[in-house]
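Going line by line, the protein sequences match chains A and B. Okay, so the first sequence: first residue is -4 according to our numbering, each after it adds one. Okay, so the second sequence: first residue is -4 according to our numbering, each after it adds one. Backbone N, C-alpha and C define an ideal beta-carbon position, used for all residues, glycine too. Comments concern the structure below.
Number of protein chains: 2
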Amino acid sequence: MARREVSVLFFLALLCKAIAIRSQPSTIDASFCLSWRLAVETNNELPWRTVPNKCSQYVEDYLIHGQYERDLELIMEQALDYVNGISIVGDGKDAWILDVDDTCISNIYYYKSKNYGCDPYDPAAFRAWAMRGWCTAVPPILKLFNKLIDNEFKVILLTGRDKEILGQVTIDNLHNQGFIGYERLIMRTNIYKGQSAVTYKSNIRKNLEDEGYRIWGNVGDQWSDLQGYSFGNRTFKLPNPMYFVP
Amino acid sequence: MARREVSVLFFLALLCKAIAIRSQPSTIDASFCLSWRLAVETNNELPWRTVPNKCSQYVEDYLIHGQYERDLELIMEQALDYVNGISIVGDGKDAWILDVDDTCISNIYYYKSKNYGCDPYDPAAFRAWAMRGWCTAVPPILKLFNKLIDNEFKVILLTGRDKEILGQVTIDNLHNQGFIGYERLIMRTNIYKGQSAVTYKSNIRKNLEDEGYRIWGNVGDQWSDLQGYSFGNRTFKLPNPMYFVP
């Protein structure tokens, strides 16, 4: 073979190796970030403040390139199966609880500007973002929401967002994203300020039970949506590798 | 370029593509199985009886090729950090609870013969396997175990294994795998037969608390090790994509 062809083959072999490396599933970082994501989602890593810097690209890929959506879809399939198996009492007290941020509507666009959670939490910037009302619906959860409304459940949206500051914009944002027909939107008022999400949300759910509601299901992206007490007959933990709410 | 060289290049291009496909991270099945594993580990998929057939190879790869071990190591790093931050009271009542199967000692070798959980649960075959006493230590958990002993915690092993049938072999198996110096091995006796793991283990832990034990930590591969009541100050969920214990 001529020298020129040998060079071409050598170049091709290099290219080939480069492609193989690029498409390998487990570089050391990807493997670490996958372990980290599992630890976070199973509530083992606790509390955590920021995404490890070396996982910024991993978290972006996860959120943007389909795996996050497939994870949500599989969980919502489970939720829909469960909904289909419930015989409601029908007295207007059959309830589901849904969290708002990164459950019904997404903050991924905002977190992109914060390195997908590698930058520390920035309450002022987050408030400014939420004030715009630009959050987009999370499609698989909107589908569950509509199914619940169709099946005559009372859907109660329960969020740690401050009612005074974010009340109207949250109502508008939910409405313009298709969340229409819910029973109540419960936001944090002054008397709950300073409480952890677990305490605040448990308190609210207990009050709902005292009003006679049966909480059939409870959906949130944070374990603090689903722990404490009165957390409902079944809980669904959605993935969120961007931030942790205690 | 001569026809022969063109053929060589064409063959190389094909080979190159084949390598790239083989090492691609996300075929449809791998992506589904990753979603399924997340759903299982976050207790969203519930209850589940067998691993989906199309995930048999995925689960084998996960368990055998390093990711499972890295997942365990990261969780145990968290646990060790937590241990190092505890000031024990030192009255002999500072306790940790560890599950046995697929927490301290591994059944992966057995589950290999059951298609890594794709085949249905087979109580007789599992009992025959356990009777051999061939389970191997799970290294990151043995490391935690030894650290707990060194730090003068009382380590209590709590398992759903039947005491009458598997008592002696379990003691021997734990011993030959290096689990030496624990406070108690609590196994299921007749009065707990028929109870779910959540009920049985909660009962036992409550009894331990009534004896004065403070449960600082609780480690298990099943959510039923960590839920119910008296579950301890902090829980650590280890991965197990092979089977589900209600």
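*asked:* Suppose you measure from the CA of S108(A) to the CA of W31(B); what does that come to, to the nearest Å?
replied: Within the first sequence, the letter at position 113 stands for residue 108(A). Within the second sequence, the letter at position 36 stands for residue 31(B). The straight-line gap from Cα to Cα measures roughly 30 Å.
*Chain-ordered residues of the stretch 68 to 90 of chain B with a beta carbon less than 7 Å from chain A*: L69, I70 and Q73
*Using beta-carbon positions only, say whether L69(B) and A25(A) come within less than 8 Å of one another.*
For the purposes of this step, residue 69(B) is taken as residue 74 along the second sequence, with counting starting at 1. For the purposes of this step, residue 25(A) is taken as residue 30 along the first sequence, with counting starting at 1. Not closer than 8 Å, so no.
*With which residues is R179(A) paired in a DSSP beta bridge?*
Start at 1 with the first residue of the first sequence, and residue 179(A) comes out as number 184. In DSSP, R179(A) forms a bridge with I151(A).
*Measure the Cβ-Cβ separation of V133(A) and I181(A) and say whether it is below 8 Å.*
Mapped onto the first sequence, residue 133(A) falls at position 138. Mapped onto the first sequence, residue 181(A) falls at position 186. No, these two residues do not count as a Cβ contact at 8 Å.
_I need the straight-line Cα distance from P135(B) to Y63(B), nearest angstrom please._
Indexing the second sequence from 1 puts residue 135(B) at position 140. Indexing the second sequence from 1 puts residue 63(B) at position 68. Whole-angstrom Cα-Cα distance: 11 Å.
*Measure the Cβ-Cβ separation of N213(B) and D220(B) and say whether it is below 8 Å.*
Taking the first residue of the second sequence as 1, we reach residue 213(B) at position 218. Taking the first residue of the second sequence as 1, we reach residue 220(B) at position 225. Yes. Within cutoff.
*Count the other C-beta atoms from every protein chain shown that fall within 10 angstroms of the C-beta of I92(A), then say buried if there are 16 or more, exposed otherwise.*
Here residue 92(A) refers to the residue found at position 97 when the first sequence is read from its first residue. The residue is buried, with at least 16 neighbouring Cβ atoms inside 10 Å.
*Taking Cβ-Cβ distances shorter than 8 Å, what residues in chain C pair up with S101(A)?*
Reference to chain C is not applicable here, since the protein chains of this structure are A and B.
*asked:* Determine, for T37(B), whether the minimum Cβ-Cβ distance to residues of chain A falls below 8 Å.
replied: Here the question's residue 37(B) lines up with position 42 in the second sequence. Judged by the 8 Å Cβ criterion, T37(B) is in contact with chain A.
*Can you tell me whether DSSP reads L93(B) as helix, strand or coil?*
As a first step, residue 93(B) must be located in the second sequence, where it is residue number 98. Reduced to three states, the DSSP call for L93(B) is strand.
*Can you list, in chain order, the residues of the stretch 212 to 227 of chain B whose Cβ is nearer than 7 Å to any Cβ on chain A?*
none
*Could you please tell me which residues of the stretch 108 to 121 of chain B, in chain order, have their CB closer than 9 Å to any CB of chain A?*
none
*Do you know how far the Cα of D89(B) is from the Cα of F140(B)?*
Taking the second sequence and counting its residues from 1, one reaches residue 140(B) at position 145. Taking the second sequence and counting its residues from 1, one reaches residue 89(B) at position 94. Their backbone Cα atoms lie some 14 Å apart in a straight line.
_Inside the stretch 29 to 62 of chain B only - alpha helix (DSSP H) runs reaching at least 4 residues_ = 51 to 59
*Comparing alpha-carbon positions, which option in Y104(B), T154(B), I160(B) and G112(B) lies nearest M126(B)?*
Translated into positions along the second sequence, residue 126(B) becomes position 131. Ranking Y104(B), T154(B), I160(B) and G112(B) by Cα distance to M126(B) puts I160(B) first.
_Using C-beta distances below 8 Å, list every residue in its chain close to G85(A), excluding the 5 sequence neighbours before and after it, in chain order._
Here residue 85(A) refers to the residue found at position 90 of the first sequence. Closer than 8 Å at Cβ, skipping near neighbours: E147.
*Specify, as a first and last residue, the run of the beta strand (DSSP E) that T230(A) falls within.*
By 1-based counting over the first sequence, the position of residue 230(A) is 235. Looking at the DSSP string, the run of the beta strand (DSSP E) that includes T230(A) is R229 to K232.
*Would you call P241(A) buried or exposed, if buried means 16 or more other Cβ atoms sit within 10 Å of its Cβ?*
Taking the first sequence and counting its residues from 1, the one referred to as residue 241(A) is at position 246. P241(A) comes out exposed.
*With DSSP as the reference, please indicate the residues paired to A132(A) in a beta bridge.*
Here residue 132(A) is taken as the residue at index 137 of the first sequence, counted from 1. DSSP lists I100(A) as partners of A132(A).
*Determine the chain A residues that contact Q52(B) at a beta-carbon separation under 7 Å, and present them in chain order.*
Sequence index remark: in the second sequence, residue 52(B) carries index 57 (1-based). Going along chain A, no residue has its Cβ under 7 Å from Q52(B), so there is no contact; the nearest lies around 13 Å.
*Closer than 7 Å, Cβ to Cβ, to anything on chain B: give me those residues from the stretch 178 to 206 of chain A, in chain order.*
none
*Which partner residues does R209(B) have in the DSSP bridge list?*
Locating residue 209(B) in the second sequence gives position 214, counting from the first residue. R209(B) is bridged to D89(B).
_Is the separation between the beta-carbon of P236(B) and that of V46(B) shorter than 8 Å?_
If you number the second sequence from 1, residue 236(B) lands on position 241. If you number the second sequence from 1, residue 46(B) lands on position 51. In contact: P236(B) and V46(B) (Cβ atoms closer than 8 Å).
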